[in-house]
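Asks:
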Amino acid sequence: MNAFALKLNKEHYKQIIKLGLPIIAAQAGMIIVAFADNIMVGQYSTEALASASFVNNVFNMAIMACLGFTYGLTPLVGALFSTGKLRKIGELMRNGLVLNLFYSLLIVGLMSVLYVNLHQIGQPEELLPLIRPYFLLALAGIVPISIYNAMGQAAYGMKNTGVPMWIVLFANVLNIFGNWLLIYGNWGFPELGLTGAGISTFISRLLCPILLAIYFITAKKYDEVYRGVIQSKVSRPILRKIGFTSFPVSMQLLFETAAFSGAAVMAGWLGKVELAAFQVMVTVGSLGFCFYYSMGSATSVLVANAAGQGNRREMRRIGFAGYHLILVMALAASLAFIFGGRTLIGLFTHDPLVIAMCLSLIPPMVVYQLGDATQVNFANSLRGTSKVTSMLWIALISYIIVGLPTTFLLRQSIQSIFYSFSASLFLAAGLFLYFFLKNTREKK
11 MNAFALKLNK EHYKQIIKLG LPIIAAQAGM IIVAFADNIM VGQYSTEALA
61 SASFVNNVFN MAIMACLGFT YGLTPLVGAL FSTGKLRKIG ELMRNGLVLN
111 LFYSLLIVGL MSVLYVNLHQ IGQPEELLPL IRPYFLLALA GIVPISIYNA
161 MGQAAYGMKN TGVPMWIVLF ANVLNIFGNW LLIYGNWGFP ELGLTGAGIS
211 TFISRLLCPI LLAIYFITAK KYDEVYRGVI QSKVSRPILR KIGFTSFPVS
261 MQLLFETAAF SGAAVMAGWL GKVELAAFQV MVTVGSLGFC FYYSMGSATS
311 VLVANAAGQG NRREMRRIGF AGYHLILVMA LAASLAFIFG GRTLIGLFTH
361 DPLVIAMCLS LIPPMVVYQL GDATQVNFAN SLRGTSKVTS MLWIALISYI
411 IVGLPTTFLL RQSIQSIFYS FSASLFLAAG LFLYFFLKNT REKK
């Protein structure tokens with residue numbers, strides 16, 4: 011029996027790794043672009059880096075809310091795919107795209123209100139002329155991101171993680187090249203600084219949904235899915251079903267990101283050096299988070315496939331196999347921060363004050379890696395079960411009721427702000443684990 015269980019677990023690891031590697035490659039490409047953006051902007055000026063820090067951290071809330079809303083499609087598509095209902099997947103995609111379009115437009119409206127009130131948020135006055143145009147370009151990219159991710163999650167649910175990976179990697183290379191042209195004014199292009207980085211990012215984000223849509227339309231193996239898309243109608247019951255699985259995940263990611271974005275605002279209260287250091291370390295920290303989330307997404311797809319077949323024992327085995335892999339990643343990330351942190355920080359800035367402050371943030375960042383890895387794995391595993399209502403209030407309690415007040419109380423220094431992240435991450439980790447175990451308990 012033990013030998014059988016060991017063999018089964020090895021197969022789980024192989025399945026998760028096979029599905030997760032393309033997602034990791036895509037996420038690695040996004041990390042490289044985030045690194046390239048911040049390196050190029052940071053080399054341009056500390057003011058540009060600080061401005062990018064504020065805008066990127068504020069927009070992380072909007073982007074993660076839209077991304078989380080697309081995640082509701084993954085377990086639904088995964089359950090249909092495990093039973094071969096391709097036409098139904100097309101119907102689900104059509105309704106999902108419509109719903110995600112309206113949701114992203116709602117987010118655009120809310121962020122527009124924030125834009126009008128930028129002068130009241132307490133950021134350094136001299137940064138506002140740089141912040142405003144970059145903010146508008148980020149605002150224009152929200153809808154393309156949402157549409158691309160809705161199609162991408164449908165592809166993930168059908169165990170196709172390769173094509174979205176290649177599209178993201180191509181767009182990322184284009185973005186880096188556009189940065190080189192427009193930030194510094196190479197090859198006769200105007201020198202636009204931070205605004206040039208915003209233009210390049212917007213173009214790459216616009217390209218992604220166009221390329222993925224072309225793929226779905228032309229790929230023979232998705233003929234039935236495409237027919238389902240064009241022949242189906244928008245249905246209120248289906249919209250409600252998608253919304254029921256999407257909204258809690260969206261709020262979970264929004265609340266989590268809000269805790270970090272709120273911390274970025276508080277870092278801005280301390281000064282532009284602290285804000286620049288915050289941006290550098292959040293970007294470096296994304297090395298861990300994005301890799302965890304990539305493996306978590308693969309785990310979620312496989313949990314959804316098992317859920318479609320009603321196999322609760324398999325759902326739990328997959329969830330814990332994913333957790334073992336993510337723990338290895340957390341250890342690797344922590345070692346990279348400890349032994350390679352100075353090198354990574356040096357890529358972003360030559361300002362000795364910013365470098366010294368960044369180095370002081372490595373210990374608290376290592377401390378919260380275990381909590382981050384655990385909450386990512388079991389949040390995604392719980393998402394795969396489609397029983398996601400609890401995710402909303404878990405995130406509300408962990409990140410908003412506990413996390414933000416803790417950060418506010420410890421806002422006296424940038425180091426204490428980073429230490430405050432552990433409180434919300436470890437609390438969320440415990441709650442997501444509890445509810446995943448509860449929802450995968452075998453019925454008597």
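Counted the way the working numbering counts, the sequence shown spans residues 11 to 454. For every residue, glycine included, the Cβ atom is placed at its ideal position computed from N, Cα and C.
Which of the three DSSP states, helix, strand or coil, is assigned to Glu266?
Replies: Note: Glu266 maps to helix in three-state DSSP.
Asks: Compute the Euclidean distance between the alpha carbons of Ala433 and Val126, then round it to the nearest angstrom.
Replies: Distance between the alpha carbons of Ala433 and Val126 is about 33 Å.
Asks: Could you say which of Gln262, Gly350 and Met50 lies nearest to Thr359 if we only look at CA atoms?
Replies: Taking only the C-alpha atoms, the option nearest Thr359 is Met50.
Asks: Out of curiosity, what's the CA-to-CA distance linking Gly188 and Gln289?
Replies: For Gly188 and Gln289, the distance between alpha carbons rounds to 21 Å.
Asks: Count the other CB atoms, across all protein chains shown, that sit within 10 Å of the CB of Asn170; report buried if there are 16 or more and exposed otherwise.
Replies: Asn170 comes out buried.
Asks: When the distance is taken between beta carbons, is Ala383 closer than 8 Å to Leu419?
Replies: The answer is no: Cβ separation not under 8 Å.
Asks: Could you check what DSSP says for Thr395 in three-state terms: helix, strand or coil?
Replies: Here Thr395 sits in coil by DSSP.
Asks: How would you write the range of the alpha helix (DSSP H) that Asp233 sits in, first residue to last?
Replies: Element bounds for Asp233: Asp233 to Gln241.
Asks: DSSP three-state label for Glu136, please.
Replies: Residue state, collapsed to three classes: helix.
Asks: Using only the alpha-carbon positions, how far apart do Leu217 and Ala181 sit?
Replies: If I take the Cα positions, the gap works out to 7 Å.
Asks: Would you call the stretch 408–417 in contact with the stretch 319–338, where contact means no fewer than 3 C-beta pairs closer than 8 Å?
Replies: Too few Cβ pairs lie closer than 8 Å, so no.
Asks: Pick out whichever of Ala277, Leu116 and Ala314 has its Cα sitting closest to the Cα of Ala60.
Replies: Among Ala277, Leu116 and Ala314, the Cα nearest to that of Ala60 belongs to Ala277.
Asks: Can you list, in chain order, the stretches of the alpha helix (DSSP H) that have 4 or more residues and sit fully within the stretch 83–154?
Replies: 83–91, 96–126 and 138–150, all fully within the stretch 83–154.
Asks: Roughly how many angstroms lie between the CA atoms of Ser213 and Gly253, to the nearest whole one?
Replies: According to the sequence displayed, residue 213 carries Ile and not Ser. About 29 Å.
Asks: Kindly indicate which residue of Ala342, Leu354 and Met339 has the alpha-carbon position closest to the one of Ser291.
Replies: For the sequence presented, residue 291 should be read as Met rather than Ser. That would be Leu354, whose Cα lies nearest to the Cα of Met291.
Asks: Put Gln425 into one of helix, strand or coil per three-state DSSP.
Replies: Here Gln425 sits in helix by DSSP.
Asks: With a threshold of 8 Å between beta-carbons, can Arg250 be considered close to chain D, or not?
Replies: In summary, chain D is missing from the structure at hand, where a single protein chain is found.
Asks: Please report the distance separating the alpha-carbon of Gly106 from that of Gly172.
Replies: Taking the straight line from one Cα to the other gives about 21 Å.
Asks: Under three-state DSSP, which class holds Arg166?
Replies: Checking the sequence shown, residue 166 turns out to be Tyr, not Arg. Helix.
Asks: Please classify Val87 as buried or exposed, where buried requires at least 16 other C-beta atoms within 10 Å of its C-beta.
Replies: Burial call: buried.
Asks: Using the Cα positions of Asn387 and Tyr333, report the straight-line distance between them to the nearest angstrom.
Replies: For Asn387 and Tyr333, the distance between alpha carbons rounds to 6 Å.
Asks: Which residues mark the beginning and the end of the alpha helix (DSSP H) in which Val292 is found?
Replies: It spans Lys282 to Gly318 - the alpha helix (DSSP H) in which Val292 sits, taken as one unbroken run.
Asks: For the alpha helix (DSSP H) that Gly356 lies in, which residues bound it at each end?
Replies: Counting along the chain, the alpha helix (DSSP H) containing Gly356 begins and ends at Arg322 to Phe358.
Asks: Using the Cβ count rule (16 or more neighbours within 10 Å means buried), how would you classify Val364?
Replies: With 16 or more Cβ atoms within 10 Å of its Cβ, Val364 is classed as buried.
Asks: Considering only the alpha carbon of each residue, which of Leu184, Thr416, Lys95 and Gly203 lies closest to Tyr236?
Replies: Checking every option, the nearest Cα to that of Tyr236 belongs to Lys95.
Asks: Return the Cβ separation of Asn390 and Ser256 in integer angstroms, given the expectation that the two are a contact with Cβ distance under 8 Å.
Replies: Their Cβ separation, rounded to whole angstroms, is 14 Å, which puts Asn390 and Ser256 out of contact at 8 Å.
Asks: What's the gap between the Cα of Ala274 and the Cα of Lys231?
Replies: Taking the straight line joining both Cα atoms gives about 45 Å.
Asks: Tell me, to the nearest whole angstrom, how far the beta carbon of Asn70 is from that of Phe301; I am working on the premise that it is less than 8 Å.
Replies: Not quite, the Cβ-Cβ distance comes to about 17 Å (not below 8 Å), so this is no contact.
Asks: Take the Cβ of Pro247 as the centre, count every other Cβ of all protein chains shown within 10 Å, and call the residue buried at 16 or more, exposed below.
Replies: Label assigned to Pro247: exposed.
Asks: Buried or exposed: where does Phe445 fall if 16 or more other Cβ atoms within 10 Å of its Cβ makes it buried?
Replies: Result: buried.
Asks: Does DSSP put Leu192 in a helix, in a strand, or in coil?
Replies: DSSP places Leu192 in helix when its eight states are reduced to three.
Asks: Within a Cβ cutoff of 6 Å, which residues of the same chain sit near Ala165, ignoring the five residues on either side of it in sequence?
Replies: Result list for Ala165: Pro174, in chain order.
Asks: Going along the chain, which residues of its own chain have a beta-carbon closer than 7 Å to the beta-carbon of Leu402, five neighbours each way excluded?
Replies: Cβ neighbours of Leu402 beyond the five flanking positions: Pro258, Met261 and Gln262.
Asks: Return the Cβ separation of Leu149 and Met168 in integer angstroms, given the expectation that the two are a contact with Cβ distance under 8 Å.
Replies: Going by Cβ atoms, the distance from Leu149 to Met168 rounds to 31 Å, so no, they are not a contact pair.
Asks: On a Cα-Cα basis, can you pick out the residue from Asn315, Leu83 and Leu222 that is closest to Glu101?
Replies: Nearest of Asn315, Leu83 and Leu222 to Glu101, Cα basis: Leu83.
Asks: Which value, in whole angstroms, describes the spacing of the CA atoms of Leu31 and Leu116?
Replies: Using only the alpha carbons, I get a separation of about 33 Å.
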